[in-house]
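Asks: In our numbering, the protein residues as written are 5 to 291.
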């Protein structure tokens, strides 16, 4: 038979319930309970969950058991990914697996693929190329739950990217810069049959579209917005970013020909102007 003292001791106990949740509030595993006597101190453990990293925890891990049950949430996210690209024209990249580390909020350090002394790894972000990676043998992403991308560049390639970012960020052109487009835009310039690397057929196509637009609105000549197809000597240039932009410019000219209101014409003309600025910037960089 339980003594009165034993019954009083049991009644003086309580518990704290630890919940393991995702960002969306979904349960990752069954909650755990910590039983302690009221007014007794306890500490919340932070377990390492396979395939997950801890992204949010209580500010105070050491607590005192109260007379009311405590609900404590630990938020975890799935381990992110790491892609490594070798140069700005590498569109496939190399996937580096990430695994749990010794701490619940970090992944294990990884060794990046070997590169020569002329190349360095840089972090790729939505706004452009970021900081250089200092420790290539023990690399850890800043956000282990995010999609992290790195690119290896020479000093000359990095300067080229920086110059493009500066030029495209002038005025109201910041929205033009996108990291996926950036990799495509920095391809080597096409070489024509005369061997002149400074000549860009896409720029010629853009000029033809502008001339067609001008003839329609200033010379009362019929508009022919179709961008001329490249000849055999121009095949190498037909899929370059500059060519695609020129084709987009041609489509805008087509819309200009069909526009009826002044407001619509003004908006299309402004779009054409911005496209032309971008095309000329790319041509200048590839010279």
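C-beta atoms are modelled at their ideal positions from N, C-alpha and C, and glycine is treated no differently.
The model shown is predicted, which means the values in this text are computed figures rather than measured ones.
1) State the DSSP-derived secondary structure class of residue 301, mapped to helix, strand or coil.
2) Mapping DSSP to helix, strand and coil, what is residue 212?
3) Can you grab the Cα-Cα spacing for the pair residue 41 / residue 49, in whole Å?
4) Go ahead and pull the three-state DSSP assignment for residue 27.
5) Tell me whether residue 3 sits in a helix, a strand or coil according to DSSP, three-state version.
6) Starting from residue 152 and walking both ways along the beta strand (DSSP E), at which residues does that stretch end?
7) Tell me whether the beta-carbon of residue 149 lies closer than 8 Å to the beta-carbon of residue 52.
8) Within 8 Å (strictly less), CB to CB, does residue 111 reach chain B?
9) Note the first and the last residue of the continuous beta strand (DSSP E) segment covering residue 135.
10) From residue 158 to residue 132, what distance separates their C-alpha atoms?
11) Near residue 155, which residues of its chain fall below 6 Å by C-beta distance, leaving aside the five closest residues on each side in sequence?
12) Give the C-beta separation of residue 57 and residue 106 to the nearest angstrom, bearing in mind that I take them to be a contact with Cβ-Cβ under 8 Å.
Replies: On the basis of the supplied data:
1) This structure gives no information on residue 301, because the portion of the chain shown stretches from 5 to 291.
2) Reliability fails at residue 212, whose pLDDT of 49 lies under 50, so the model's placement of it is uncertain and the value that follows must be treated cautiously. Residue state, collapsed to three classes: helix.
3) 18 Å
4) coil
5) The first residue shown for the chain is 5 and the last is 291, placing residue 3 beyond what the model contains.
6) 151–158
7) no
8) No chain B is present in this structure, which holds just one protein chain.
9) 132–136
10) 16 Å
11) Annotation for residue 155: 89, 126 and 128 place their beta carbon closer than 6 Å to its own, counting only its chain and skipping 5 residues before and after.
12) That belief does not hold up - the Cβ atoms of residue 57 and residue 106 are roughly 12 Å apart, past 8 Å.
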